[in-house]
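Presented below is the structure to which this report refers.
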């Protein structure tokens, strides 16, 4: 990427951020949403988002969640995390007196009622009530469901089928031809990989799989009759068992 393109990307990011901050500043109130994640280099990063209601001129209100920063974290103590969040909000010129909520996962350093991040921020901004992320709890629950053999095996078969069609061009060609012939009106044309961490994306994968189930079975039966090095016989058998 040339220096000119780099500068254009940086300027575009700045312009977008300015528009987001203008919307947040015009809102009556907002919530802080934060979560930690690790990047490909192994560095811990804090992702910070702002949830607020945007009311465009003469238009219906719009509930928004806008990303406002990805901040490297070297110290994961609640004191440092709270300082990092407040510092970022200060850099963005956000009026923290308008902050009426905080949303994090259930980790002690974030949610602790004695010295967690939410408590430290509420010491300065008491209106910023903490609400545990219900989706995080649901994600943990659904992830633990994988310990149930029937569900684990079923998702394993789904993963095998997805990989077969996505990794082998000949298999995918038959799959696409089957969809075109037997489900031409379907808006779904490709299977989605199962996400290891996000239950929402995993849910979407299963929904698409079920919508194309009949086409999947027919495509696997067609592939099983070919003399390729790939085999679908075992997958098709497992799929039949899962359907039962």
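Numbering (full-length UniProt numbering), first residue to last: 1 to 244. Glycine included, C-beta positions come from ideal geometry on N, C-alpha and C.
Test item: CB-CB of residue i and residue j under 8 angstroms
i           : j           : result
residue 81  : residue 48  : no
residue 88  : residue 101 : no
residue 188 : residue 222 : no
residue 108 : residue 118 : no
residue 30  : residue 127 : no
residue 86  : residue 121 : yes
residue 204 : residue 104 : no
Coil, strand or helix - residue i by DSSP
i           : result
residue 206 : helix
residue 31  : strand
residue 110 : helix
residue 3   : helix
residue 41  : coil
residue 77  : coil
residue 15  : helix
residue 265 : The requested residue 265 does not occur in the structure, where the chain is confined to residues 1 to 244.
residue 102 : strand
7 angstroms CB neighbourhood of residue i in its chain, flanking five on each side removed
i           : result
residue 174 : 219, 222, 223
residue 208 : 188, 191, 192
Cβ neighbours of residue i in the same chain (closer than 6 angstroms, five flanking residues each side left out)
i          : result
residue 60 : none
Contacting residues, own chain, Cβ-Cβ under 8 angstroms from residue i (five flanking each side not counted)
i           : result
residue 25  : 93, 94, 95
residue 182 : 214, 215, 218
residue 62  : 53, 54, 55, 56
> Would you call the stretch 47-66 and the stretch 16-28 touching, i.e. three or more CB-CB distances under 8 angstroms?
Replying inline: yes
> What are the start and end residues of each continuous alpha helix (DSSP H) run of 4 or more residues lying completely inside the stretch 133-205, in chain order?
Replying inline: 134-144, 149-167, 169-182
> Within the chosen definition, does the stretch 175-195 reach the stretch 153-167 through at least 3 CB pairs nearer than 8 angstroms?
Replying inline: yes
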